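FYI, the working numbering numbers position 192 of the sequence shown as 330, with every residue one higher than the one before it.
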Amino acid sequence: LTLAVVLPQRNLTYPWAWPRVGPAVRLAAAAVNSRPDLLPGFTLGWVFGNSEDRHGVCSEMAAPLVAVDLRLAHQPAAFLGPGGVYSAAPVARFTSHWQLPLLTAGAEAHGFDDKSEEFGLTTRAGPSHRKLGELGVQLHRRFNWTRRALLVYWDERVDDRPYFFAAEGLYVQLLTLLNLTVRDVVFRDGGNFSFIIQEIKAKGR
139 LTLAVVLPQR
149 NLTYPWAWPR
159 VGPAVRLAAA
169 AVNSRPDLLP
179 GFTLGWVFGN
189 SEDRHGVCSE
199 MAAPLVAVDL
209 RLAHQPAAFL
219 GPGGVYSAAP
229 VARFTSHWQL
239 PLLTAGAEAH
249 GFDDKSEEFG
259 LTTRAGPSHR
269 KLGELGVQLH
279 RRFNWTRRAL
289 LVYWDERVDD
299 RPYFFAAEGL
309 YVQLLTLLNL
319 TVRDVVFRDG
329 GNFSFIIQEI
339 KAKGR
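Here it is as structure tokens:
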């Protein structure tokens with residue numbers, strides 16, 4: 139049995155980068171192979187594909203191309219990674235089409251919660267932003283915050299947009315509270331902070 143690993147090869151800004159995850163994959167494969175009762179008649183191996191582009195960024199273009207290459211060359215039984223939202227989404231769509239499971243430590247975005255179609259075979263081992271949203275709902279109930287919620291977050295729109303997706307998880311879950319008005323304020327590097335403060339004053343009351 140072959141496990142296809144699609145992760146950033148060198149970029150340690152990602153918690154799921156290969157230098158961090160690789161030792162665990164090696165240990166897990168060795169542990170499985172040392173127990174003949176776990177997969178009788180099979181040996182677990184793995185192949186690696188780099189999800190980084192030429193700039194070292196986990197890429198929504200590189201990751202699916204690598205996944206297709208690994209699928210054609212090695213016929214893996216499952217995929218591990220990628221973790222970034224934009225790189226994991228197309229790979230998860232492919233693995234769902236191939237009827238293969240995908241395990242990821244990332245893919246925190248709310249959209250991955252939909253298991254009815256394209257993400258039905260995706261399993262997240264890490265946190266999800268839906269859980270963050272559920273915490274927000276519980277806080278509103280606990281403190282009886284029933285009228286208005288304001289989400290203020292940073293969004294450059296040039297990276298993996300972690301703050302946008304975190305805010306999305308809160309936004310979607312807070313909308314489940316009846317009669318609660320939810321607003322958002324986005325700011326960027328070099329933004330007009332006086333305007334942002336006025337927006338907070340206007341929308342937060």
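C-beta atoms are modelled at their ideal positions from N, C-alpha and C, and glycine is treated no differently. None of the values given here were measured: they were computed from a predicted structure.
- In the assembly as shown, A340 is an exposed residue. Its beta-carbon has fewer than 16 other beta-carbons within 10 Å.
- By the C-beta criterion, the stretch 274-281 is judged to be in contact with the stretch 311-318, since at least 3 inter-stretch pairs fall below 8 Å.
- Partner residues in the beta bridge of T242, as assigned by DSSP, are R262.
- In the DSSP assignment, N188 forms a beta bridge with L145.
- Leaving aside the five residues that flank P202 on each side, the residues in its chain whose CB is nearer than 7 Å to its CB run, in chain order, P228, V229, F232.
- In this structure G244 is not in contact with G258, their Cβ atoms being roughly 18 Å apart against a cut-off of 8 Å.
- In the assembly as shown, L240 is a buried residue. Its beta-carbon has 16 or more other beta-carbons within 10 Å.
- DSSP, read as helix, strand or coil, puts A216 in strand.
- Around the beta-carbon of R326, fewer than 16 other beta-carbon atoms lie within 10 Å, marking it exposed.
- Following the DSSP letters along the chain, one finds W156 inside the alpha helix (DSSP H) bounded by residues 156-171.
- With a beta-carbon spacing of about 24 Å, V170 and S189 fall beyond the 8 Å limit used to define contacts.
- Contact annotation: V144 and P220 have beta-carbon atoms nearer than 8 Å.
- Sequence-distant Cβ neighbours of A305 in its own chain, meaning closer than 6 Å and more than five residues away, are L289, Y291.
- Distance between A200 and D191, taken at the CA atoms: about 6 Å.
- By the 16-neighbour rule on beta-carbons within 10 angstroms, T319 is exposed.
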